[in-house]
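**Q** I'd like to ask some things about the structure below.
2 protein chains.
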Amino acid sequence: MTMARVSFEAQYPDPRLPARLGRLVTPHGTLETPAFTVVGTQATVKGLLPAQVTQLGAQAVLCNTYHLYLRPGPDIVAAHGGLHGFMQWPGPMFTDSGGYQVFSLGSGMEQGIGKLVGTFPDEDVSRGRRPAGAGSHGKLSRVDDDGVTFRSHVDGSTQRLTPERSIEIQEKLGADVILAFDEPTSPLDDEEYTRQAMGRTHRWAERCLSARRRPDQALYGVVQGGAYQALREESAAFIAGLPFDGFAIGGSLGRSKQDMAKVLDWSVPSLPADWPRHMLGIGEPEDFFACVERGIDTFDCVAPTRLARHGVLYTATGRITITQARFREDRGPIDAGCACSTCRDFTRAYLRHLFVADELLGYVLATIHNLHAILNLMARIRAAIAAGTLQALKADVLGRLGAAAPEGVAHA
Amino acid sequence: MTMARVSFEAQYPDPRLPARLGRLVTPHGTLETPAFTVVGTQATVKGLLPAQVTQLGAQAVLCNTYHLYLRPGPDIVAAHGGLHGFMQWPGPMFTDSGGYQVFSLGSGMEQGIGKLVGTFPDEDVSRGRRPAGAGSHGKLSRVDDDGVTFRSHVDGSTQRLTPERSIEIQEKLGADVILAFDEPTSPLDDEEYTRQAMGRTHRWAERCLSARRRPDQALYGVVQGGAYQALREESAAFIAGLPFDGFAIGGSLGRSKQDMAKVLDWSVPSLPADWPRHMLGIGEPEDFFACVERGIDTFDCVAPTRLARHGVLYTATGRITITQARFREDRGPIDAGCACSTCRDFTRAYLRHLFVADELLGYVLATIHNLHAILNLMARIRAAIAAGTLQALKADVLGRLGAAAPEGVAHA
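Residue numbers (my numbering), protein chains in the order written: chain C, 65 to 476; chain E, 65 to 476.
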């Protein structure tokens, strides 16, 4: 059996700029980058058939190792020939390492790392961590130098992940791109704790490389170091020096979009020029430009699909919350400029009705719309890089978004 | 503007038998009958895009006037050009009258009429009714000779439907086939109460005919009379004597499948030979044969879609409940003989995973499967009537179903 390998090539239409067009060739097809990988946490893009995901122009799906490890378990997925067979997604696929979730979901609060605040046990080795909102059920994960012991959010059982175990699971899940097991940190972590976690991430990176067996999967290393310049620079240099097939930026990106740009400026220049780079957990339209301008190739984020299920829909002039009473009789589409099937066929009034009535089709139609919006924006970004018009596109997109007052909706 | 009218023609491949093939021609297309109309209660077939419903071979959708009256309201639907525009279903469409729901949902218990037991107030005019399971929140609907006052299950508001109001709403909803407003009865109703309700149904039938204004909609009268021979015969004769465009059998069908057959035998012979006949709320594979053999043309039932959302899936040898542990590693399709897209692409293990993880796609895939099973069976029934092999098909289908022990799953 011939094992196809993953390869990447990048071209720079404007050689003075880091923004680039890439082709990430995998055994299951090629991603034209910059690309957004659609999140399919539990081996499903919530509510959509694989054919619908393909029709939207999605090039890749990212599934979560933490969830699939707990349920249905990697062996059942492997018996189906991996995730491609299990969920019938024929194209390129990513898995994350589980590191993010054992420290956030395992601690009872999704997205507790990187973007907002973490919920952490106050008696583990994470001395620098403050258990914001942890309450009495905070002690759900415990890190040591060998790995992490955590409590399953599914059944409360005690589980353990190590670098070797994460790689073993990801090899059974069989994605084309897999990630090194890391310890992400939160903006609440101080520099000392972030340094310790970074050290563990680096030692675990080497163990992941030693543990890997499948040559047909690309293994990406993850840069950590929080929002601390010295740590990010140190981490990027260290991870860049290891024989990974690609690199990801993870962990705390600070407390603002400006912080995120700084983290990229501290991290990306140390990474090898023509290796693929993935930005973990970023998927807001306004963030793509800052990342692509700095040489990021791929993204993943739950925001488009999760917001959709809460009725929060992207438009060219900002988000709308479709459940609001003002849309009750609105026979216009979600976004007059949108070419998605939801906007082609259905009115805001119908969408609102489905959400108010808690109808499954509402979540489906909203997910189609938000994913189209993100994937279409990414296609426009690729075209603009090719044409040398990225700055004009950025000014146009961000200008329109800025024209509307943001809705008071939490980024769940 | 030319108003297309609804017309029906029937042919009897075996003139000795009541089973027939029909063509119900509507302004939005033609149903080849016998046909199952897919239930889209709140202007959506739960979880499916209209294009998916079409791909399944569904010929018509039936929406519920009660639900759409309460939410989003008939005027919003009318502003979209009716249900066809609102939900973007291009084909033939039915609405029921709201009568069933005001007496069941309005009383706090769906499907409380006809099939099992009703939940009714014990202080309204329904003297013969016993509030089985009604508890303290039973007093939700009150019938008088003019109409029904009931409490909305959405917001608890007091609402009222009369024959005239039901027709007005159904004309705004704009389906191709609409139903007269009736008072269905339950197997718990005694003969005296059933007679009173039947009398109201008859007087309301005349008022519905007087109230109708749209010549492009077919208005069906509803035969009531419970499981009482004299009442069913009287009701069928009375309703058949009114200038309806078609006829439906509603209300209590007794307590067994044998009772249902008797109700049909008492009702159908009085109906005009070549007018269309609809069986309300029947959708189990084994029931279709008994009805088609007696000259029923169309059906509606929530069972295929509702069971699907509970993970109860049809197979040629009976239902399976996909959440059971025995399917955990089962890489076979739901039904090896099924040609639906779910069975073509996905394993029982994957379906089980989606249900256990409460993933929306599970409900979608299960709904596709169950609807395919019912619609495909109906297509086979049409082919068998044409070929004169209906009895052989019946023996084959029921034989296989009988070969499996039924699952202990309540018909929710």
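Heads up, the beta-carbon is just placed ideally off N, CA and C, and yes, glycines get one too. Computed from a predicted model, the values in this text were never measured in an experiment.
Run through DSSP, which three-state label would E:R215 get?
**A** In the second sequence, the residue the question calls residue 215 of chain E occupies position 151. E:R215 falls in the strand class under three-state DSSP.
**Q** Less than 8 Å between the C-beta atoms of C:G104 and C:A443, yes or no?
**A** Translated into positions along the first sequence, residue 104 of chain C becomes position 40. Translated into positions along the first sequence, residue 443 of chain C becomes position 379. Contact flag unset, no.
**Q** Excluding the five sequence neighbours on either side, which residues of its own chain have a C-beta within less than 8 Å of the C-beta of C:S334, listed in chain order?
**A** Taking the first sequence and counting its residues from 1, the one referred to as residue 334 of chain C is at position 270. For C:S334, where only same-chain residues beyond five positions count, the Cβ hits under 8 Å are E297, A300, A301, A304.
**Q** Rank E:Q75, E:L113, E:L85, E:F214 by C-alpha distance to the C-alpha of C:L415 and give the top, closest one.
**A** Within the first sequence, numbered from 1, the residue matching residue 415 of chain C stands at position 351. Comparing Cα-Cα distances from C:L415 to each of E:Q75, E:L113, E:L85, E:F214, the minimum goes to E:L113.
**Q** Look at the Cβ atom of E:F245, then the Cβ atom of E:G163, and state whether they are nearer than 8 Å.
**A** Position 181 of the second sequence, counting from 1, holds the residue named residue 245 of chain E. Position 99 of the second sequence, counting from 1, holds the residue named residue 163 of chain E. Contact flag set, yes.
**Q** Since E:G149 is in the alpha helix (DSSP H), which residue starts that stretch and which ends it?
**A** For this step, residue 149 of chain E is matched to residue 85 along the second sequence. First-last of the alpha helix (DSSP H) with E:G149: 147-151.
**Q** Just the chain E side, please: which residues come within less than 8 Å of C:R392 by C-beta, in chain order?
**A** Stepping through the first sequence from its first residue, residue 392 of chain C is reached at position 328. Chain E residues near C:R392: P136, I140.
**Q** Which of the three DSSP states, helix, strand or coil, is assigned to C:P163?
**A** Residue 163 of chain C sits at position 99 when you count from the first residue of the first sequence. The sequence given here places Gly at residue 163 of chain C; Pro does not occur at that position. Three-state result, C:G163: helix.
**Q** Quick one: Cα of C:Q234 to Cα of C:P368, how far?
**A** As a position in the first sequence, residue 234 of chain C is number 170, starting the count at 1. As a position in the first sequence, residue 368 of chain C is number 304, starting the count at 1. Cα to Cα, C:Q234 sits roughly 25 Å from C:P368.
**Q** Along the beta strand (DSSP E) that carries E:E73, what are the first and last residues, could you check?
**A** Mapped onto the second sequence, residue 73 of chain E falls at position 9. Where E:E73 is concerned, the enclosing beta strand (DSSP E) stretches over 71-75.
**Q** Mind checking if C:F158 is an interface residue toward chain E, Cβ cutoff 8 Å exclusive?
**A** Here the question's residue 158 of chain C lines up with position 94 in the first sequence. No, its Cβ sits nowhere closer than 8 Å to a Cβ of chain E.
**Q** Assign C:P98 to one of two classes, buried (16 or more other C-beta atoms within 10 Å of its C-beta) or exposed (fewer than that).
**A** As a position in the first sequence, residue 98 of chain C is number 34, starting the count at 1. C:P98 should be labelled buried.
**Q** Which residues in chain E sit within 9 Å of C:A143, going by Cβ to Cβ distance?
**A** Translated into positions along the first sequence, residue 143 of chain C becomes position 79. Result: E393, R395, A413.
**Q** Name, please, each residue of chain E whose Cβ falls closer than 9 Å to the Cβ of C:G152.
**A** Locating residue 152 of chain C in the first sequence gives position 88, where the first residue counts as 1. Note on residue identity: the sequence assigns Gln, not Gly, to residue 152 of chain C. Those within 9 Å of C:Q152 in chain E are D409, F410, Y414.
**Q** When the Cβ atoms of the segment 323-330 of chain C are set against those of the segment 347-355 of chain C, are three or more pairs found closer than 8 Å?
**A** Cβ pair count under 8 Å is three or more, so yes.
**Q** Mind checking E:A447: buried by the 16 CB within 10 Å criterion, or exposed?
**A** Against the second sequence, residue 447 of chain E aligns to sequence position 383. The residue is exposed, with fewer than 16 neighbouring Cβ atoms inside 10 Å.
**Q** Please return the same chain residues whose Cβ sits closer than 6 Å to the Cβ of C:Y378, not counting the five positions on each side in sequence.
**A** By 1-based counting over the first sequence, the position of residue 378 of chain C is 314. Closer than 6 Å at the Cβ level, and outside the excluded window around C:Y378, lie N434, A437.
**Q** What residues of chain C sit near E:Y427, judged by a beta carbon separation below 7 Å?
**A** Within the second sequence, the letter at position 363 stands for residue 427 of chain E. By Cβ distance, chain C contributes L424.
**Q** Check the DSSP bridge columns for C:T97 and list the partner residues they point to.
**A** As a working note, residue 97 of chain C is residue 33 in the first sequence. DSSP, once it has assigned bridges, lists C:G86 as partnering C:T97.
**Q** Helix, strand or coil for E:F419 per DSSP?
**A** Numbered from 1 along the second sequence, position 355 holds the residue referred to as residue 419 of chain E. Residue state, collapsed to three classes: helix.
**Q** Shorter than 8 Å from the beta carbon of E:T387 to some beta carbon of chain C?
**A** As a working mapping, residue 387 of chain E is identified with position 323 in the second sequence. So, not an interface residue.
**Q** Provide the residue span of the alpha helix (DSSP H) that contains C:S405, from first to last.
**A** Walking along the first sequence from the start, residue 405 of chain C turns up at place 341. Segment 405-409, the alpha helix (DSSP H) holding C:S405.
**Q** In the DSSP assignment, the beta strand (DSSP E) including C:R383 goes from what residue to what residue?
**A** By 1-based counting over the first sequence, the position of residue 383 of chain C is 319. Run containing C:R383: 382-385, per the beta strand (DSSP E) assignment.
**Q** What are the start and end residues of each continuous alpha helix (DSSP H) run of 4 or more residues lying completely inside the segment 251-320 of chain E, in chain order?
**A** The segment 251-320 of chain E contains these whole alpha helix (DSSP H) runs: 255-275, 293-304.
**Q** Take every Cβ of the segment 280-293 of chain C, pair it with every Cβ of the segment 260-267 of chain C, and state whether three or more of those distances are shorter than 8 Å.
**A** The answer is yes - the segment 260-267 of chain C touches the segment 280-293 of chain C, with three or more Cβ pairs under 8 Å.
**Q** Checking the sheet assignment: what are the DSSP bridge partners for C:T129?
**A** Mapped onto the first sequence, residue 129 of chain C falls at position 65. Answer is none; C:T129 lacks a bridge partner.
**Q** Measuring only between beta-carbons, confirm whether E:R193 sits less than 8 Å from chain C.
**A** Sequence index remark: in the second sequence, residue 193 of chain E carries index 129 (1-based). Per-residue confidence for E:R193 stands at a pLDDT of 39, beneath the threshold of 50, marking its modelled position as unreliable; no derived number is given.
**Q** Quick one: using the 10 Å Cβ neighbour count with 16 as the cut-off for buried, is E:D338 buried or exposed?
**A** Counting from one through the second sequence, the residue named residue 338 of chain E turns up at place 274. Its Cβ having fewer than 16 others within 10 Å, E:D338 is exposed.
**Q** I'd like to check one pair, E:R373 with E:T431: are the Cβ atoms closer than 8 Å?
**A** By one-based count along the second sequence, residue 431 of chain E stands at place 367. By one-based count along the second sequence, residue 373 of chain E stands at place 309. Yes.
**Q** Taking the CB atoms as reference points, tell me whether E:L429 and E:T406 lie closer together than 8 Å.
**A** Here residue 429 of chain E refers to the residue found at position 365 of the second sequence. Here residue 406 of chain E refers to the residue found at position 342 of the second sequence. Contact: yes.
**Q** List, in order along the chain, the chain E residues whose C-beta lies closer than 9 Å to that of C:G111?
**A** Within the first sequence, the letter at position 47 stands for residue 111 of chain C. The answer, in chain order, is G111, E423, L424, L425, Y427, V428.
**Q** Does any residue of chain C have a CB that is nearer than 8 Å to the CB of E:D78?
**A** Within the second sequence, the letter at position 14 stands for residue 78 of chain E. Not one chain C Cβ lies under 8 Å of E:D78.
**Q** Is DSSP giving C:C365 helix, strand or coil here?
**A** Position 301 of the first sequence, counting from 1, holds the residue named residue 365 of chain C. Correct three-state label for C:C365: strand.
**Q** Determine, for E:Q119, whether the minimum Cβ-Cβ distance to residues of chain C falls below 8 Å.
**A** Position 55 of the second sequence, counted from the start, is the residue given in the question as residue 119 of chain E. False, the Cβ-Cβ gap to chain C never drops below 8 Å.
**Q** Am I right that C:I313 and C:M343 are in contact with their C-beta atoms under 8 Å? What's the rounded C-beta distance?
**A** Locating residue 313 of chain C in the first sequence gives position 249, where the first residue counts as 1. Locating residue 343 of chain C in the first sequence gives position 279, where the first residue counts as 1. So it is a contact: roughly 5 Å between Cβ atoms.
**Q** From this set, C:G146, C:L132, C:P156, C:F150, which residue's C-alpha is nearest C:Q123's C-alpha?
**A** Here residue 123 of chain C refers to the residue found at position 59 when the first sequence is read from its first residue. Among C:G146, C:L132, C:P156, C:F150, the Cα nearest to that of C:Q123 belongs to C:P156.
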